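In what follows, a single structure is set out as structure tokens and then discussed.
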Amino acid sequence: MTGLSGLRAVVTGGASGIGPTTARAPAAQGARVAVLDLAPDGVTDPLLGLRADVSDDASVRTAVAAELGGIDILVDNAGIGAAGTAEDNPDEQWHRVLDVDVLGVVRTTRAALPPLRRSAHASIVDTCSVAATAGLPQRALYSAGKGAVRALTLAMAADHVREGVRVNCVDPGTADTPWVVRLLDAADDPEAERAALNARRPMGRLVTADEVAAAVVHLAGPAAASVTGTALAVDGGMQGPRLRPE
Ligand code: NAD
């Protein structure tokens, strides 16, 4: 097999941020790619945009059953974030974020597993985050959700390994996307906040969507045929090197 040619991929949350790049990367390697998103109107050829809400089981099942005639690769990328400490977020917000970020992965995976089991190249890649393990300040709810996604990835890898379905996740560090811009815009001085954010990163910069997409394609593709139950950090060293005080 060359690249991902002939494979069929579903990417959730593929209309904005990391998603479009992550969806176009397997398409560039020959995969047919469907993007499931709340707002798929901007999704263009060769990608197939399908309207779906990962917090709604029926909507996910309908979209996953549509069009591609089978699934070889599922990328669980849709997610919403939340800033703040554990006490800052009210119960409704906890329910909403966990419903999308954690149960969204469960719903999409549940719907995709029957066609994945019929594939000879079945793979799931969950978009997790450094937040799962890094202990980031002001990200309690988001971190709890991504920690659950990390645990789900490992558990699902164990559950489905004998069915030929590999399950891995990528852990992006802070990436330059609309999601981050929204958080920066909420600060008193967004430009100063951006400079401070870059300065706190080991590489002095945020990671790019292209770098995350490359990791997703690697994990989904034949080069990773023996890789399951792993987390691939694309975080510019956020979980590794620590800057020494100057
Ligand atoms: P984004 O907000 O730019 O895009 C998210 C996409 O998901 C949007 O197209 C949105 O419409 C879609 N979406 C949201 N809720 C949905 C729902 N209920 N059903 C279907 N689609 C839905 O976000 P992003 O920054 O590209 O983040 C993508 C993923 O990467 C998320 O899982 C996020 O947690 C993760 N991540 C992002 C960063 C970062 O710094 N941006 C870092 C680590 C991990």
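Residue numbers (the UniProt record's numbering): 1 to 246.
Where a beta carbon is used, it is the ideal one built from N, C-alpha and C, also for glycine.
This structure is a prediction, so every number in the text was calculated from the model and none was measured.
{"Check": "Neighbourhood of Ala140 by C-beta, 6 Å cutoff - its chain only, sequence neighbours within 5 removed", "Outcome": "Thr85 and Ala86"}
{"Check": "Per DSSP, cross-strand counterpart(s) of Glu33", "Outcome": "Per the sequence presented here, residue 33 reads as Val, with Glu not at that position. Partner(s): Ala9."}
{"Check": "CA nearest to the CA of Ala82, picked from Gly145, Ala65, Val75 and Arg117", "Outcome": "Gly145"}
{"Check": "Distance cut-off 8 Å: Val130 Cβ against heavy atoms of ligand 1", "Outcome": "yes"}
{"Check": "Closest Cα partner of Ala199 within the set Gly237, Ala151 and Leu38", "Outcome": "Gly237"}
{"Check": "Gly42 versus Val60: straight-line alpha-carbon distance, rounded", "Outcome": "19 Å"}
{"Check": "DSSP state of residue 271 mapped onto helix, strand, coil", "Outcome": "A query on residue 271 cannot be resolved here, the shown segment of the chain reaching from 1 to 246 and no further."}
{"Check": "Burial state of His95 (16 or more Cβ within 10 Å)", "Outcome": "exposed"}
{"Check": "Val125 (DSSP reduced to helix, strand or coil)", "Outcome": "strand"}
{"Check": "Beta carbon of Arg32 nearer than 9 Å to that of Leu48", "Outcome": "yes"}
{"Check": "Option in Val75, Ala134, Arg107 and Cys128 with minimal Cα separation from Ala122", "Outcome": "Val75"}
{"Check": "Which of helix, strand or coil DSSP assigns to residue 300", "Outcome": "Here the chain covers residues 1 to 246 and nothing more, so residue 300 does not appear."}
{"Check": "Distance, Ala27 Cα to Pro46 Cα", "Outcome": "7 Å"}
{"Check": "Residues that DSSP places opposite Arg139 in a beta bridge", "Outcome": "Gly84"}
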